[in-house]
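Chains as they are written, first to last, in this note's numbering: chain A, 1 to 403; chain B, 1 to 95. Virtual Cβ for every residue (Gly too), placed ideally from N, Cα, C. Model, not experiment: these values are computed from the prediction.
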Amino acid sequence: MNLTRAQADFLSVLSCALHQAPAQSLPAQPEWFQVFSLAEKHHLLPVIFDYVRRCFDEAAQPAMFPKVKPLVISQIARHISSSSDTERIYRALRQQNLHPLALKGALCASLYPAPDTRITADLDLLIREDEFTACHQCLIALGLSPDCSDEALYQDYEVSYFSADHNVCIELHRALFSDAEGILNQPFSNAFQTSCECDGYLTLSPENHFLFLIFHAFKHFIHSGVGIRQICDIGLWAREYGDTFNWPRLRTCCANANADIFAACLFRIARERLAFTVPCPEDWMGDCEDIIPLLLDVLEGGVYGSESLSRLHTSTATLNAVRSNLSGQDKEGLLRSVFPERAYLVGHYPYLKEHPLLLPVAWASRLCRYASETRRHKDSSASESIRLAKKRLQLLRDYKILR
Amino acid sequence: MNNLLTPGVVCACICDEYFLITTMEAPKELPMIRGLNETGAFFWRRMEAGHSREEIIDATVREHDINAEAASQALDDFLLLLREAGYLSMEEDCT
Numbered sequence: 001m002n003l004t005r006a007q008a009d010f011l012s013v014l015s016c017a018l019h020q021a022p023a024q025s026l027p028a029q030p031e032w033f034q035v036f037s038l039a040e041k042h043h044l045l046p047v048i049f050d051y052v053r054r055c056f057d058e059a060a061q062p063a064m065f066p067k068v069k070p071l072v073i074s075q076i077a078r079h080i081s082s083s084s085d086t087e088r089i090y091r092a093l094r095q096q097n098l099h100p101l102a103l104k105g106a107l108c109a110s111l112y113p114a115p116d117t118r119i120t121a122d123l124d125l126l127i128r129e130d131e132f133t134a135c136h137q138c139l140i141a142l143g144l145s146p147d148c149s150d151e152a153l154y155q156d157y158e159v160s161y162f163s164a165d166h167n168v169c170i171e172l173h174r175a176l177f178s179d180a181e182g183i184l185n186q187p188f189s190n191a192f193q194t195s196c197e198c199d200g201y202l203t204l205s206p207e208n209h210f211l212f213l214i215f216h217a218f219k220h221f222i223h224s225g226v227g228i229r230q231i232c233d234i235g236l237w238a239r240e241y242g243d244t245f246n247w248p249r250l251r252t253c254c255a256n257a258n259a260d261i262f263a264a265c266l267f268r269i270a271r272e273r274l275a276f277t278v279p280c281p282e283d284w285m286g287d288c289e290d291i292i293p294l295l296l297d298v299l300e301g302g303v304y305g306s307e308s309l310s311r312l313h314t315s316t317a318t319l320n321a322v323r324s325n326l327s328g329q330d331k332e333g334l335l336r337s338v339f340p341e342r343a344y345l346v347g348h349y350p351y352l353k354e355h356p357l358l359l360p361v362a363w364a365s366r367l368c369r370y371a372s373e374t375r376r377h378k379d380s381s382a383s384e385s386i387r388l389a390k391k392r393l394q395l396l397r398d399y400k401i402l403r
Numbered sequence: 001m002n003n004l005l006t007p008g009v010v011c012a013c014i015c016d017e018y019f020l021i022t023t024m025e026a027p028k029e030l031p032m033i034r035g036l037n038e039t040g041a042f043f044w045r046r047m048e049a050g051h052s053r054e055e056i057i058d059a060t061v062r063e064h065d066i067n068a069e070a071a072s073q074a075l076d077d078f079l080l081l082l083r084e085a086g087y088l089s090m091e092e093d094c095t
């Protein structure tokens, strides 16, 4: 099991882009279509293209560069538009004497060689519960609308707000992770007390934000996969702030969530494939014996592990396995991916709230909907989903997430 | 001259090309993105920074090695283009 040449070239070009390496560092004669396709799958096309176009004189550019350029310009322009709005909205929240903590992309972007090429889909904000209503009212006054019912507004742990054209999205988080992922929230109980300023945003302390990036990647990995862009964010953050971290504390927090070996593998990928200096203790990094299975899952899964419907559908199997493992039950629950619990389905079939006995009806509806989806999308089938779920469950065992 | 510009529009350089990009605050009839040449971006950014007409013309003369009359004409041509395309929010104060 090894990377394909296209995957290896993609990682090599990405590493060059992240470090603004001289053009001579590029791999010899990469297949640019494959490299750009992988970059697009991981929402890194602007990062890579902005770098490689400057490595060639115009006359020597590969033929497909002019064809890719308009797509990149479009993506960056949309990002500039939406990020200008989210920055303005954030300043408005602060002017109301509110204290939202910015997370993820808005902060990581400034660490990229060209920040505007690190595309962000939304602005994630951690909100104090006593400020939620005021934040909600401020966003409404600024022209955004919540993407949920009034009831869900005060129950869900995260609420998304969109502009009329859906180009701007603000996500308010009452907690960093849902109750189902509660163990991941434990290290952040003092998030607001230890917050700091970074690039005009209030945010978690650098160490807490690093831990959050790891746990966020962990959450995605458990669901359906994590993209290489999150590992880029982690590598850049470690390079910038890693010398100030309490690494033993980070290791303990990760171990409590069965994420320590997973984290070690992320650090090894960042160091060995993306050339980042991650000042992690070597004995922790050594806990990861083989990065290739994880790296293949990362590259194949796309930016959010959402490359295919089959992959998305594996999430109930992997989630059930992790929850069962953490709660001490011994079933992996592969069949539960087809027959999930009522609590999982209520969001899609609201009648289950009032009529829990209709659970078998919801199961049948879900199977029918899945069957119709597989007819529409060639990349999805129940057998493929189950095959992929078994493969991903084995990854969870290999990296000791299931113990 | 920054009060001439329609609010909610940003000037950005992407892949060595210049563009005017609209945000939520911009009028809906403006396109999301419009190309701009280097001279236009030069003028826009100085207008956005609040430079006066005289300051912009002086900077143009210095940096583009042309005379004041040519710089003034170029600026007027640009303002006319912006006005016709909807990127000016008010008439220019000529005093």
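*If you draw a straight line from the alpha carbon of ALA476 of chain A to that of HIS216 of chain A, how long is it in whole angstroms?*
Here chain A has residues from 1 to 403 only, and residue 476 of chain A is not among them.
*Return no unless some Cβ of chain B is closer than 8 angstroms to the Cβ of ASP243 of chain A.*
Along the first sequence, read from residue 1 onward, the residue named residue 243 of chain A stands at position 243. No, because no Cβ of chain B sits closer than 8 angstroms to the Cβ of ASP243 of chain A.
*For HIS173 of chain A, does the three-state DSSP call read helix, strand or coil?*
Counting from one through the first sequence, the residue named residue 173 of chain A turns up at place 173. HIS173 of chain A: strand per DSSP, three-state reduction.
*Could you please tell me which residues of the segment 30–57 of chain A, in chain order, have their CB closer than 7 angstroms to any CB of chain B?*
ASP50, ARG53
*Does the beta-carbon of GLY286 of chain A have 16 or more other beta-carbons within 10 angstroms, so that it is buried, or is it exposed?*
Taking the first residue of the first sequence as 1, we reach residue 286 of chain A at position 286. It counts as exposed.
*asked:* Does GLN7 of chain A pass the burial test, meaning 16 or more other C-beta atoms within 10 Å, or should it be called exposed?
replied: On the first sequence, residue 7 of chain A is found 7 positions in, with the first residue counted as 1. So GLN7 of chain A counts as buried.
*Starting from the beta carbon of MET32 of chain B, find every residue of chain A whose beta carbon is closer than 8 angstroms, and list them in chain order.*
Indexing the second sequence from 1 puts residue 32 of chain B at position 32. Per Cβ cutoff of 8 angstroms: ALA77, ARG78, SER81.
*On the three-pair Cβ rule with 8 angstroms, is the segment 86–96 of chain A touching the segment 37–55 of chain A?*
no
*Do you know offhand how far SER52 of chain B's Cα is from PHE36 of chain A's?*
Locating residue 52 of chain B in the second sequence gives position 52, counting from the first residue. Locating residue 36 of chain A in the first sequence gives position 36, counting from the first residue. SER52 of chain B and PHE36 of chain A: Cα-Cα distance of roughly 45 angstroms.
*asked:* Using only the alpha-carbon positions, how far apart do HIS136 of chain A and CYS253 of chain A sit?
replied: What you label residue 136 of chain A is simply residue 136 of the first sequence in a count that begins at 1. What you label residue 253 of chain A is simply residue 253 of the first sequence in a count that begins at 1. Each residue's alpha carbon lies about 32 angstroms from the other.
*Whose Cβ in chain B lies nearer than 7 angstroms to the Cβ of LYS69 of chain A?*
Counted from its first residue, the first sequence places residue 69 of chain A at position 69. Within chain B, the residues near LYS69 of chain A are CYS15.
*Could you tell me whether the Cβ atoms of LEU396 of chain A and LEU402 of chain A are closer together than 8 angstroms?*
Within the first sequence, the letter at position 396 stands for residue 396 of chain A. Within the first sequence, the letter at position 402 stands for residue 402 of chain A. Taking the C-beta atoms as reference points, LEU402 of chain A is found nearer than 8 angstroms to LEU396 of chain A.
*asked:* Is it the case that the segment 190–197 of chain A contacts the segment 264–281 of chain A, given that we only count it when at least three CB pairs across the two stretches are under 8 angstroms?
replied: Fewer than three pairs of CB atoms, one per stretch, sit closer than 8 angstroms, so the segment 264–281 of chain A makes no contact with the segment 190–197 of chain A.
*Apart from the five residues on each side of it in sequence, which residues of its chain come closer than 8 angstroms, Cβ to Cβ, to GLY301 of chain A?*
On the first sequence, position 301 is the one that residue 301 of chain A refers to. Taken in chain order, the residues that qualify are SER224, GLY225, VAL226, GLY227, GLU307, ARG311.
*asked:* Between ASP85 of chain A and chain B, is the shortest Cβ-Cβ distance under 8 angstroms, so that the two count as touching?
replied: Counting from one through the first sequence, the residue named residue 85 of chain A turns up at place 85. Yes, ASP85 of chain A lies at the interface with chain B (some Cβ there is under 8 angstroms from its Cβ).
*With 8 angstroms as the threshold, decide whether the Cβ of MET24 of chain B is near any Cβ in chain A.*
Counting from one through the second sequence, the residue named residue 24 of chain B turns up at place 24. Yes, MET24 of chain B lies at the interface with chain A (some Cβ there is under 8 angstroms from its Cβ).
*Can you give me the Cβ contacts of LYS104 of chain A inside the same chain, cut-off strictly under 6 angstroms, excluding the 5 residues immediately before and after it?*
On the first sequence, position 104 is the one that residue 104 of chain A refers to. Answer for LYS104 of chain A: ASP124, listed in chain order.
*Check the Cβ-Cβ distances between ALA49 of chain B and every residue of chain A, and say whether any is below 8 angstroms.*
Taking the first residue of the second sequence as 1, we reach residue 49 of chain B at position 49. It does not: the Cβ of ALA49 of chain B has no partner Cβ on chain A nearer than 8 angstroms.
_GLY200 of chain A at chain B interface by Cβ criterion, 8 angstroms_ = Along the first sequence, one-based indexing puts residue 200 of chain A at 200. Output row for GLY200 of chain A: interface = no.
_Relative to the C-alpha of ILE140 of chain A, which candidate in A:TYR157, A:TYR161, A:ASP122 has its C-alpha closest?_
Reading the first sequence from its first residue, position 140 is the one you call residue 140 of chain A. Ranking the options by Cα distance to ILE140 of chain A, first place goes to A:TYR161.
*Residues that DSSP places opposite CYS13 of chain B in a beta bridge*: Locating residue 13 of chain B in the second sequence gives position 13, counting from the first residue. Beta-bridge pairing links CYS13 of chain B to B:TYR18.
*Where does ILE33 of chain B sit, in a helix, a strand or coil, going by DSSP?*
By one-based count along the second sequence, residue 33 of chain B stands at place 33. Strand at ILE33 of chain B.
*Closest residue to LYS219 of chain A among A:PRO22, A:ALA238, A:ILE183, A:PHE245 (Cα-Cα distance)*: Along the first sequence, one-based indexing puts residue 219 of chain A at 219. Among A:PRO22, A:ALA238, A:ILE183, A:PHE245, the Cα nearest to that of LYS219 of chain A is on A:ILE183.
*Evaluate ASP65 of chain B with the Cβ neighbour count: other Cβ atoms within 10 Å of its Cβ, from every protein chain shown; 16 or more gives buried, anything less gives exposed.*
Counting from one through the second sequence, the residue named residue 65 of chain B turns up at place 65. Classification for ASP65 of chain B: exposed.
*Any C-beta of chain B under 8 angstroms from that of PRO113 of chain A*: What you label residue 113 of chain A is simply residue 113 of the first sequence in a count that begins at 1. Interface flag for PRO113 of chain A against chain B is unset, since no Cβ pair is found closer than 8 angstroms.
_Residue interval of the beta strand (DSSP E) (run including THR203 of chain A)_ = Counting from one through the first sequence, the residue named residue 203 of chain A turns up at place 203. Where THR203 of chain A is concerned, the enclosing beta strand (DSSP E) stretches over 201–203.
*Nearest candidate by alpha-carbon position, reference LEU274 of chain A, set A:SER81, A:ALA257, A:PRO30, A:CYS16*: In the first sequence, residue 274 of chain A corresponds to position 274, counting from 1. Of the listed residues, the one whose Cα sits closest to LEU274 of chain A is A:CYS16.
*Determine the burial state of ALA26 of chain B: buried for a count of at least 16 other Cβ atoms within 10 Å of its Cβ, exposed for fewer.*
Within the second sequence, residue 26 of chain B is the residue found at index 26, counting from 1. Buried, by the Cβ-count rule.
*Counting only beta-carbon atoms, is VAL10 of chain B nearer than 8 angstroms to chain A?*
Locating residue 10 of chain B in the second sequence gives position 10, where the first residue counts as 1. Contact with chain A is found for VAL10 of chain B, since one of that chain's Cβ atoms lies less than 8 angstroms from the residue's Cβ.
_What would DSSP say about GLU332 of chain A, mapped onto helix, strand or coil?_
Translated into positions along the first sequence, residue 332 of chain A becomes position 332. Because the pLDDT of GLU332 of chain A is 42, which lies under 50, any placement of that residue in the model is unreliable, and the question is left without a value.
*asked:* Can you look up ASP147 of chain A in the DSSP assignment and give me helix, strand or coil?
replied: What you label residue 147 of chain A is simply residue 147 of the first sequence in a count that begins at 1. Correct three-state label for ASP147 of chain A: coil.
_Among A:ALA263, A:HIS313, A:VAL303, whose alpha-carbon lies nearest the alpha-carbon of ILE119 of chain A?_
For the purposes of this step, residue 119 of chain A is taken as residue 119 along the first sequence, with counting starting at 1. Closest option to ILE119 of chain A, Cα to Cα, is A:VAL303.
*asked:* Does the contact criterion of 3 or more C-beta pairs under 8 angstroms hold for the segment 9–18 of chain B versus the segment 54–68 of chain B?
replied: no
*Would you report the Cα separation of GLN394 of chain A and LEU14 of chain A, rounded to the nearest angstrom?*
As a first step, residue 394 of chain A must be located in the first sequence, where it is residue number 394. As a first step, residue 14 of chain A must be located in the first sequence, where it is residue number 14. So the alpha carbons of these two residues sit roughly 28 angstroms apart.
*Contacting residues, own chain, Cβ-Cβ under 7 angstroms from ASN258 of chain A (five flanking each side not counted)*: In the first sequence, the residue the question calls residue 258 of chain A occupies position 258. Within the same chain, and ignoring the five residues on either side of ASN258 of chain A in sequence, the residues whose Cβ sits closer than 7 angstroms to its Cβ are LYS400, ILE401, ARG403.
*asked:* Based on DSSP bridge pairs, tell me the residues matched to CYS198 of chain A.
replied: Taking the first sequence and counting its residues from 1, one reaches residue 198 of chain A at position 198. Bridge partners of CYS198 of chain A: A:TYR201.
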